[in-house]
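Participant:
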Amino acid sequence: MKKLIQWSLSSLRAKMLMMFVILTSIPLLIVGLISYQKSFNTISANSKVATMLVADQLARDIDVLFQDTNRLLELDKNPDVLKFLFSQTDSYDDAKQILLTIDIYRKTYKYDDVLNISMVNLYGRGISERKGVFALHQNPLRNPHFKHLMNHPDDILIIPPSDASTADRLDGFQYPQGNVISIIATVKQQITHEVIGFIVIDLSDELVNKFSENFTIGKTGYFYVTDETGTPIFAAPNLKREQLLSPDVLAPRLSTIKDSFVQSGASKPNFVIFTTSVETGWKVVGLAPLQEIVEDAHEIRQLIIFSVGLSILFIFGLYIFITKRLTRPIQVLKNKMRQAATGYLEAKVTPTGTDELADLGKSFNTMIENIKDLLEQSIREKEHIQKAELRTLQAQINPHFLYNTLDSIIWMAESGKNDQVIQLVLALSRFFRISLSKGRDWITIKEELEHVRNYLVIQQMRYRDILDYEISVDPSLDSFPILKMTLQPLVENAIYHGIKNKRSKGLIRITGHIENDRILIIRIEDNGIGMNENTLAQLQERLNSRQDEQKSSETIDGFGLYNVQQRVRLYYGSEFGLHITSIENQMTTIDVRFPVQRGEAT
1 MKKLIQWSLS SLRAKMLMMF VILTSIPLLI VGLISYQKSF NTISANSKVA TMLVADQLAR
61 DIDVLFQDTN RLLELDKNPD VLKFLFSQTD SYDDAKQILL TIDIYRKTYK YDDVLNISMV
121 NLYGRGISER KGVFALHQNP LRNPHFKHLM NHPDDILIIP PSDASTADRL DGFQYPQGNV
181 ISIIATVKQQ ITHEVIGFIV IDLSDELVNK FSENFTIGKT GYFYVTDETG TPIFAAPNLK
241 REQLLSPDVL APRLSTIKDS FVQSGASKPN FVIFTTSVET GWKVVGLAPL QEIVEDAHEI
301 RQLIIFSVGL SILFIFGLYI FITKRLTRPI QVLKNKMRQA ATGYLEAKVT PTGTDELADL
361 GKSFNTMIEN IKDLLEQSIR EKEHIQKAEL RTLQAQINPH FLYNTLDSII WMAESGKNDQ
421 VIQLVLALSR FFRISLSKGR DWITIKEELE HVRNYLVIQQ MRYRDILDYE ISVDPSLDSF
481 PILKMTLQPL VENAIYHGIK NKRSKGLIRI TGHIENDRIL IIRIEDNGIG MNENTLAQLQ
541 ERLNSRQDEQ KSSETIDGFG LYNVQQRVRL YYGSEFGLHI TSIENQMTTI DVRFPVQRGE
601 AT
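Going by the UniProt record's numbering, the letters in the sequence shown line up with residues 1 to 602, in that order.
#1: Along the chain, where does the beta strand (DSSP E) containing Arg125 start, and where does it finish?
#2: Between Gln460 and Leu467, how many whole angstroms is the CB-CB distance? I'm expecting something under 8 Å.
#3: Secondary structure at Asn116, three-state DSSP: helix, strand or coil?
#4: How is Gly132 classed by DSSP in three states: helix, strand or coil?
#5: Distance, Cα to Cα, Ser435 vs Glu515?
#6: Hey, how far is the Cα of Gly32 from the Cα of Leu245?
#7: With contact counted as at least three CB pairs below 8 Å, one residue from each stretch, are the stretch 187 to 206 and the stretch 100 to 116 in contact?
#8: For the candidate residues Gly286, Val133, Ala251 and Thr42, whose alpha-carbon lies nearest to that of Thr216?
#9: Using 10 angstroms around the beta-carbon of Lys551, count the other beta-carbons present and answer buried if the total reaches 16, otherwise exposed.
#10: Round the Cβ separation of Ile181 and Phe198 to the nearest angstrom and send it over; I've been treating them as touching at under 8 Å.
#11: Out of curiosity, what's the CA-to-CA distance linking Phe432 and Lys334?
#12: Where does Ala347 fall in DSSP's three states?
#13: Can you tell me the Cβ-Cβ gap for Asp80 and Thr108, rounded? I've got them flagged as a contact below 8 Å.
#14: So which of Pro269, Leu536, Phe274 and Asn121 has the shortest CA-CA distance to Asp259?
#15: What would DSSP say about Asp202, mapped onto helix, strand or coil?
#16: Quick check on DSSP: helix, strand or coil for Ile508?
#17: Does the stretch 511 to 529 come close enough to the stretch 488 to 500 that 3 or more CB-CB pairs lie under 8 Å?
#18: For Val596, which three-state DSSP category applies?
#19: Buried or exposed for Gly281, please, with buried defined as at least 16 other CB atoms from any protein chain shown within 10 angstroms of its CB.
#20: State the Cα-Cα distance for the pair Ser429 and Ile379, rounded to the nearest angstrom.
#21: By the three-class DSSP mapping on this structure, what secondary structure does Trp411 have?
#22: Rounded to the nearest angstrom, how far is the Cβ of Val349 from that of Asn365, given a contact under 8 Å?
#23: With contact counted as at least three CB pairs below 8 Å, one residue from each stretch, are the stretch 43 to 58 and the stretch 313 to 328 in contact?
#24: So what does Ala288 bridge to, in DSSP terms?
#25: Return the residue from the list Leu345, Leu326 and Tyr344 that minimises the CA-CA distance to Glu356.
#26: In angstroms, rounded to a whole number, what distance separates the CA positions of Thr231 and Asp94?
#27: Excluding the five sequence neighbours on either side, which residues of its own chain have a C-beta within less than 6 Å of the C-beta of Gln586, listed in chain order?
#28: Just mark Gly577 as buried or exposed, buried being the case when its beta carbon has 16 or more other beta carbons within 10 Å.
#29: Which runs of the alpha helix (DSSP H) spanning at least 4 residues fall entirely within the stretch 14 to 93, listed in chain order?
#30: Pick helix, strand or coil for Val294, following the three-state DSSP scheme.
#31: Taking the CB atoms as reference points, tell me whether Phe261 and Leu290 lie closer together than 7 Å.
#32: Is the beta carbon of Arg40 sitting closer than 7 Å to the one on Ala297?
#33: Secondary structure at Pro232, three-state DSSP: helix, strand or coil?
#34: According to DSSP, which residues form a beta bridge with Leu483?
#35: Could you give the DSSP three-state label for Ile330: helix, strand or coil?
#36: Counting pairs of Cβ atoms below 8 Å between the stretch 504 to 519 and the stretch 417 to 425, do you hit three or more?
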């Protein structure tokens, strides 16, 4: 994991890949979540609507059942019934006619689920299909349902099995299972609308249960019927009591005609829906696991997850291919740069296309070529410096100069000029000591001037009649570093090519100053034979040219200037070096230009 994180942080391709995947995955996930939420809401709403339609259909079927059954209540308008209930005496013909009328109703409307029809007047005299004419042994109004109807004569009571009373069985017949729905209504006198009796229709509850069993919700959901308080009235026989909702859960919600909610208190959330039967006031309740109701939404969720996952994998693979194509030139360039960093300057990129990466490759190739050129130039300059240093070393141990000086010492010793011998030997010793300078390339101006002074002392003893010199340099410049063996070759050139060929005594003057706070100028003047303009121009051209070093030194042989010019420019740059002015038969001036450097000589 740590290596993966390091790779993702150090690799451009990994960063691009992560960025692309994140920028693509987040919108896909958001779209997937929104799609799922929309689908879930839509499917849930449609499922609720569809389930509510089923519940409404079940309620309507129950209503139709009781509407059809209530047609039997039209018997309260039959003259024979009115006559029987209004009379206090028994009449076999009236009773027979009533039973015949009931039989006609049964055959007409196919009332297979009607178990019994019975009637009774206020005096306890009654008639039923099962028993015929009978008489109650107690006041009918002691029946709570009859008592209610006396106060509300227009009501029609539908008594479920849970609320049934033995007093409702007027003829005394008790059903074995007791699962009977009783419909009770008043019978009123036609003119005065006075209550003269009651009619009771016993209906088997199997029909209602059959309706409940025929309608389902989802795969395992079911319907059942409750009263207005949520107490179960009718339920399929295979349903256990604990599978039905507690009245405490239903009752707070049953004030509305229809509604739906999710019961989340159970182990698994259940979807609950209910509607109201208009005829009975009962509640048709549907119950099913929520997962089954939104099963289609879950399938869509799985499809969305699969689609989003597949899209992300496809995009990931596509981005791997794209980033590989995009970063391949960068990887190649990176490898070439590493090769170049190790010193292999033949590492070049082969650009393809015309995009920015191709331009970068071309720029890299150009940079490598420039580095090679600079390296070759540096090598050449180093070789030039080494050759210049070698010639400087050769100049330090010039055998002709040494032989001539030793000859002068011998001659003076033989002549008994001991003081001059001591002076000459001391000057020669100091000259070579400063020339060596413990291997240093730079010495101070003070040391360089001392070196020149010792050289002039030696030469003055040889050319006493023709040479004189002056050194006048500001002492504030003494500590400035200067390239060793810079001034002596110029003084030597002034002696041999300027003053030596002059018929009269010559003078060499050395001065120094700083120009514009950045350029140090050491000037060597002589009043020798000078040069004409043509010779001076040729000399300047040769000094400033970049021709082969050996050829240039041979061309300028005798002047001893090329080596100084070469060394100064190699160390300080082309803007520095020698500047020569000369007037034929009068004078020559050489200005040596150095950059101002403050510090210790090394």
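Beta carbons: idealized from backbone N, C-alpha and C, even for Gly.
Facilitator: Answer, in terms of the structure:
#1: Arg125 to Ser128
#2: 5 Å
#3: strand
#4: strand
#5: Approximately 28 Å, taken between the alpha carbons.
#6: 36 Å
#7: yes
#8: Gly286
#9: Its pLDDT being 46, under 50, Lys551 is placed unreliably by the model, and the measurement read from it follows with that caveat. So Lys551 counts as exposed.
#10: No, Ile181 and Phe198 are not in contact; Cβ-Cβ is about 16 Å, not under 8 Å.
#11: 55 Å
#12: coil
#13: That belief does not hold up - the Cβ atoms of Asp80 and Thr108 are roughly 17 Å apart, past 8 Å.
#14: Nearest option by C-alpha distance: Phe274.
#15: strand
#16: strand
#17: yes
#18: coil
#19: exposed
#20: 36 Å
#21: Helix at Trp411.
#22: 6 Å
#23: No: fewer than three Cβ pairs fall under 8 Å.
#24: Phe271
#25: Leu326
#26: Cα to Cα, the separation comes out at about 42 Å.
#27: Gly530
#28: With 16 or more other Cβ atoms within 10 Å, it is buried.
#29: 79 to 86
#30: coil
#31: no
#32: The residue asked about is misnamed: residue 40 is Phe in this sequence, not Arg. Taking 7 Å as the Cβ cut-off, Phe40 and Ala297 qualify as a contacting pair.
#33: strand
#34: Trp442
#35: In this structure, Ile330 counts as helix in the three-state DSSP scheme.
#36: Per the Cβ contact rule, the stretch 504 to 519 is not in contact with the stretch 417 to 425 (fewer than 3 Cβ pairs under 8 Å).
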